[in-house]
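Residues 41 to 492 in this note's numbering are what the sequence shown spells out, letter by letter.
Note that CB positions come from ideal geometry on N, CA and C, so glycine has one too.
Quantities reported herein were computed from a predicted structural model and do not represent experimental measurements.
Take a look at the structure set out below.
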Amino acid sequence: MSRLLEGDVGSGKTAVAATASFATVSTLPLDKKSGLPAQAGNLQVAYMAPTEILAEQHFESFIEYFSKYKLQIGLLTSSGAKKFPSKISQGRTLNCPSPKGPTLAWTKISKPQLLKWVANGEIPILIGTHSLIQKTVSFKNLALIIIDEQHRFGVKQRKDLRKKHDIAPHLLSMTATPIPRTLALTIFGDLDLSILDELPPGRQIPETKIVLPHEREEIYERVRAELKTGRQVFVICPRINDPDPDKENAINTRSVTSETARLQGKVFPEFKVGAITGKLKPAEKENVMRNFKDGKIDILVATSVVEVGVNVPNATVIIIENAERFGMAQLHQLRGRVLRSSYKPYCFVFADLPRRSFGEGGNKTIARLKSFTTAKNGFELAEADLKQRGTGDLAGGKQWGVSDLAMEALKNIKMVEAARLEARLLIEEDFELKKYPLLAKYLIQKMAVHME
C-alpha cells in the first residue's frame, strides 16, 4: 500500500491511523525460512509526526485507544523517550474520557533501552518526530509507516524512513492540506488516494473573515463575547520577539512577546493570556498546552508551533496576525485549531497591507487570502494555490517558480487523465511489462523505495 489520506482537520485521520496500526500489530510476521506465519511476535508500525507536540498527542491518543489490549507503545523525540505501559509508579497519569476507564500511565526511559526494545520487536508501535529516521533506529518487523502532515517532511526524509526495513513497508501518508507537489504526485498516480470528505456529526463550517485595519476593535468585541461564554482563543503571530529597531530592513510584524503583553494589559485584562513558542523547552510547552486544555489560559498567543495536531475542543476563535506572512497550507492548518467541536468556529485574518489593496483587483496576496476564505476543503485550497503559484519542482526544495516540463502537464488535466487511462490499459494487456523492459526496471526501482 502506498496511499495518501486527505481529510480536513478533525475529520478522523488519527482514528484511521489507529485502526490501520491495530490491524498491523495484530498480524504475525512471516518466518523468513519457511515463509509461513511465525508462532509469535508482531508486525511493527512507525508513526512520524512533524512536531513534538503532535507526537506527544498521538502517543496519548494511542494509549487511550489501545489500553485494553496491553499493547506496548513507544515515543521517541529529540527530548527523550517514553514507554507505555509503565512498569513502575512514576510517569504522568492520563485520565480516560470515560469516568469508568482505567488510569493510564507511561514512564520515561532511556533512548538506548527504547531502541533495544524496538529493534527486538518487543515494542510494536513507535511514535516520534524526525528522530525516527536516525541511523540508530532499527525495526525487527516494520510493516507500516504512517506519516502525519506529510507536507511537512521532505522527499528524502520520507524515503529514509521507508529504508528502515529490507522489504518496503506499507505507507499511509496523511494530510489536511496537500501542497501542489503532493497534488501532482497524486494526479500522476504514484499514490493511491482516499478522501475523508465528511466531518464528525455536529461540526460547523467556520466563519473566515479578512479583517480590514479599521475593523480591529469591532473584532475584539466579538472575541470578548465568545470569551464570556467560556470559549477560548488562539492568537497567531509570525515571530517570537520584536524586530531589532536598529536594523533598517527589519520587517515590522507582530510578535508573540509584544502581543501577549498588549492583549493582557490593554485589550483583555479580565482574561488570562498565555504564550507558547518553539523556543520553549519541551516541558514548558507541555505545561502551557496542559493549562490551555484545562481552561487555565483563556487566550493563547503562539507562533505556528501550534499549526498541526493541537486538540483543544473548547477553542473556537483564532486570530491570525500578519496573515500575508503565512503560506496557504499554514493558514488552513491554523484555522483547523478551532474545528474540533460542535461550537461555531471563527477565523479572523489580519493582513498588514494598504487598505486600497483590498479593493477591486487588489494584489496577489489579497487574492491568496480571499482563496483561503472561500475554499471549502484542503483540495480546493491546493488547487487555488496551484493556479496562483505554479506546480513547483517535483523532488527538490523549490516549491514555486519555474516549473519543470513534467509538472507543466498538470495544467492540461485532459492530457493527464488520458495518460492515466493509457497506463491502466497497458498494465491490463501486459501486467509483467515483458514488452517494456526499461519501464519494468524503472517501476521495480520505484517500488523498492517509494518516492512518495
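Item                                                                                                                       : Value
Uninterrupted alpha helix (DSSP H) stretches inside the segment 300 to 350 (no shorter than 4 residues)                    : 322 to 333
Proximity of L496 and I359 at Cβ, strictly below 8 Å                                                                       : Nothing about residue 496 can be reported from this structure: the residues present for the chain run from 41 to 492 only.
As assigned by DSSP and simplified to three states, the class of A121                                                      : strand
Cα-Cα separation, Y383 to Q244                                                                                             : 7 Å
Buried versus exposed, by CB contacts within 10 Å (16 or more), E472                                                       : exposed
Rounded distance between the beta-carbons of T293 and R365, thought under 8 Å                                              : 6 Å
Through-space distance from K148 to R302, alpha-carbon basis                                                               : 38 Å
DSSP-derived helix/strand/coil call for E261                                                                               : helix
V65 - DSSP class collapsed to helix/strand/coil                                                                            : helix
Residue range of the beta strand (DSSP E) that includes I173                                                               : No beta strand (DSSP E) holds I173; DSSP gives it neither H nor E.
Residue from E261, E104, L461 and A159 whose Cα sits closest to the Cα of T59                                              : E104
Beta-carbon separation (whole angstroms), T64 vs A95, contact threshold 8 Å                                                : That belief does not hold up - the Cβ atoms of T64 and A95 are roughly 19 Å apart, past 8 Å.
8 Å Cβ cutoff met for L45 and S234                                                                                         : yes
Rounded Cβ spacing between G4 and L212 (contact assumed at less than 8 Å)                                                  : A question about residue 4 goes unanswered here, because the residues of the chain that appear run from 41 up to 492.
For S298, the residue or residues it bridges with in DSSP                                                                  : None; S298 has no bridge partner.
Separation of I316 from S119, as counted between CA atoms                                                                  : 17 Å
Bridge partners - K249, DSSP secondary structure assignment                                                                : F388
Candidates N82, C387, V352 and N351: closest to A363 by CA position                                                        : C387
Cβ neighbours of G131 in the same chain (closer than 6 Å, five flanking residues each side left out)                       : In this prediction, G131 has a pLDDT of 43, which is less than 50 and means its spatial position is unreliable; what the coordinates show is noted afterwards. The answer, listed in chain order, is A145, W146 and T147.
Helix, strand or coil at G141 [DSSP, three-state]                                                                          : Caution applies to G141, whose pLDDT of 42 falls short of 50 and renders its modelled position unreliable; the model cannot decide the point.
Which residues DSSP lists as bridging T215, in chain order                                                                 : E46
Where Q112 falls: helix, strand or coil (DSSP)                                                                             : coil
Chain-order list of residues whose beta-carbon lies under 7 Å from that of Y260 (same chain, five-residue window excluded) : V307
Close Cβ partners of N82 (< 6 Å) along its chain, the five nearest in sequence each way excluded                           : V65 and P164
Buried/exposed call for D237, threshold 16 Cβ in 10 Å                                                                      : exposed
A55 to P241 span [Cα, whole Å]                                                                                             : 15 Å
Of the listed residues E258, Q84 and Y476, nearest to W186 (C-alpha basis)                                                 : For the record, residue 186 in the displayed sequence is Ile; it is not Trp. Checking every option, the nearest Cα to that of I186 belongs to Q84.
Among P309, I339, L172 and V350, the one whose alpha carbon lies nearest that of E326                                      : V350
For A208, the three-state DSSP class (helix, strand or coil)                                                               : coil
Cβ neighbour criterion (16 or more within 10 Å) applied to A458                                                            : exposed
Three-state secondary structure assigned by DSSP to S381                                                                   : coil
N160, buried or exposed, once every other Cβ within 10 Å from all chains shown has been counted against 16                 : exposed
Reference P385, options D392, R256, G376 and P278, closest by Cα                                                           : G376
Status (buried if at least 16 other CB within 10 Å, exposed otherwise) for K481                                            : exposed
Beta-carbon separation (whole angstroms), D188 vs N417, contact threshold 8 Å                                              : 18 Å between Cβ atoms; not a contact.
Secondary structure of F179, DSSP reduced to three states                                                                  : coil
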